Amino acid sequence: MKLLDGKLTSEQIKEELAQEVAILKSQNKRAPHLAAVLVGTDGASLTYVNSKVKSCEKIGFGSTLIQLEETVSENELLKVIEDLNNNPVIDGFIVQLPLPKHIDDQKVLMTINPDKDVDGFHPTNFGRMALELPAFIPATPYGILELLERYQIETSGKNVVVIGRSHIVGRPMSILLSQKRTVGDATVTLAHSKTRNLTSLTKQADIIVAALGIAEFLKGDMVKDGVVIIDVGITRINDTSKKSGFRLAGDVHFESVAAKASYITPVPGGVGPMTIAMLLKNTLLAYHRK
Ligand code: NAD
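Sequential numbering from -16 applies to the sequence shown in the numbering used here.
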């Protein structure tokens, strides 16, 4: 079994991006700039946004963090988004999900200018991605493609099972891996909460992408020998032995599955850091497209 080291790979990507920023600066050009909007004080969201902002600083990107009260009205949030749409020095921005219940996610995502939608959640980008046109690919599936490519894992003709059909991970992942592309050409099955006999599908799979959000769901007896495992899940589990009071668990029962896998992503240190690296890559793309 080999680890698909997302931490190391993301550091390499960030180093490549830092070199590109250094070239821009040597040409007296401004650096790319990413903004993030965070509503409320959810601990996990705050951690994600902070590490995105920190990564920007590390590679020389500009960054802006806009923190809004949990009680902010939908109209106020939409106004913030319009301001970011119109701000010429902001190349791309994200609105960290989930949003409070009184705010309509879809309305918010639809307000983002697709040219600055570096999360790739706007219907224009999602549609362009599905049609194999230039688009911002959502950062998590994009990071998984990059990880598979850099570890030279063959996907052509392989049986892939993606577990979970969310708009931000499972569904775009299933579309991308089925497309005619360097990392693609796979035969993809998209499994979800209504799927019957999931184990009969996962046992046939050469590659499994687990993105359902249930800690340690995929067990060793559900996979075949030599399988490649991409674990997207991140669940906080109470653990009093940790300083933080919790530990992070993936959707894969690591011990039993790793014993059979040829490659596997750890949690943490797998898909998570790749997601951040690809968000930065999308921001550089937005900068160059301007
Ligand atoms: P979601 O909650 O939006 O969707 C979960 C999906 O799993 C649904 O489509 C549902 O049908 C499916 N599902 C639920 N129970 C199932 C079951 N028993 N069998 C098969 N399918 C089932 O999830 P999401 O937003 O895609 O996130 C999934 C996980 O990935 C979460 O743990 C989340 O925290 C994590 N995540 C990680 C990153 C990262 O960067 N590493 C990014 C996004 C999400």
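By construction, the Cβ of each residue, glycine as well, lies at the ideal position given by its N, Cα and C atoms. In this text, all values refer to a predicted model and were calculated from it rather than measured experimentally.
Which same chain residues, not among the five before or five after residue i, have their C-beta less than 8 angstroms away from its C-beta?
| i | result |
| --- | --- |
| G209 | D189, K243, A244, S245 |
| Q135 | none |
| E57 | H85, I86, D87, K90, V91 |
| S34 | I259 |
| G43 | A1, V4, A5, K8, A14 |
State the start and end residues of the unbroken beta strand (DSSP E) segment that holds residue i.
| i | result |
| --- | --- |
| S46 | 45 to 51 |
| H236 | Here H236 belongs to no beta strand (DSSP E), and DSSP marks it neither H nor E. |
| A198 | Here A198 belongs to no beta strand (DSSP E), and DSSP marks it neither H nor E. |
| D214 | 211 to 214 |
| V173 | According to the sequence displayed, residue 173 carries Leu and not Val. That run of the beta strand (DSSP E) goes 170 to 174. |
| V145 | 142 to 146 |
| I220 | 218 to 221 |
Using the beta-carbon count (16 or more within 10 Å), is residue i buried or exposed?
| i | result |
| --- | --- |
| R154 | buried |
| P106 | exposed |
| S46 | buried |
| M(-16) | exposed |
| L116 | exposed |
| D100 | buried |
| Q10 | exposed |
| I95 | buried |
| I220 | exposed |
| D222 | exposed |
| T248 | buried |
| T165 | exposed |
| P81 | exposed |
Using DSSP with H/G/I as helix, E/B as strand and the rest coil, what is residue i?
| i | result |
| --- | --- |
| H271 | helix |
| A244 | coil |
| K99 | helix |
| N69 | helix |
| A18 | strand |
| I259 | helix |
| V206 | coil |
| K62 | helix |
| R133 | helix |
| V91 | helix |
| K177 | coil |
| L231 | strand |
| L(-14) | strand |
| V250 | coil |
| I127 | helix |
Given residue i, which residues of its chain have a CB within under 6 angstroms of its CB, disregarding the five upstream and five downstream residues?
| i | result |
| --- | --- |
| M257 | G(-11), S(-7), G126, L130 |
| V192 | V145, M156, I213 |
| M112 | A118, I120 |
| L181 | A174 |
Could you spell out the range, first to last residue, of the alpha helix (DSSP H) harbouring residue i?
| i | result |
| --- | --- |
| N108 | 106 to 113 |
| G153 | 153 to 161 |
| I73 | Per DSSP, I73 belongs to no alpha helix (DSSP H) and is neither H nor E. |
| N288 | This structure leaves residue 288 out entirely; the chain is present only between -16 and 273. |
| V4 | -11 to 9 |
| L184 | 181 to 185 |
For residue i, which residues from the same chain have a beta carbon less than 7 angstroms from its beta carbon, with the 5 sequence-adjacent residues on both sides left out?
| i | result |
| --- | --- |
| V171 | V143, V145, S157, L160, S161 |
| Y270 | P15, D74 |
What do you reckon, is the C-beta of residue i under 7 angstroms from a heavy atom of the ligand COA?
| i | result |
| --- | --- |
| G153 | Of the ligands one can find in the structure shown, namely the ligand NAD, none is the ligand COA. |
Exercise. May I ask you to verify whether the region 228 to 240 touches the region 187 to 202, counting CB pairs closer than 8 angstroms and requiring at least 3?
Key: yes
Quiz item: For the region 68 to 75 against the region 15 to 25, are there 3 or more C-beta pairs whose distance is under 8 angstroms?
Solution: yes
Quiz item: Given 8 angstroms as the limit, is there contact between the region 54 to 66 and the region 33 to 44, that is, 3 or more CB pairs closer than that?
Solution: no
Practice problem: May I ask you to verify whether the region 22 to 35 touches the region -5 to 13, counting CB pairs closer than 8 angstroms and requiring at least 3? | Solution: No, they do not touch.
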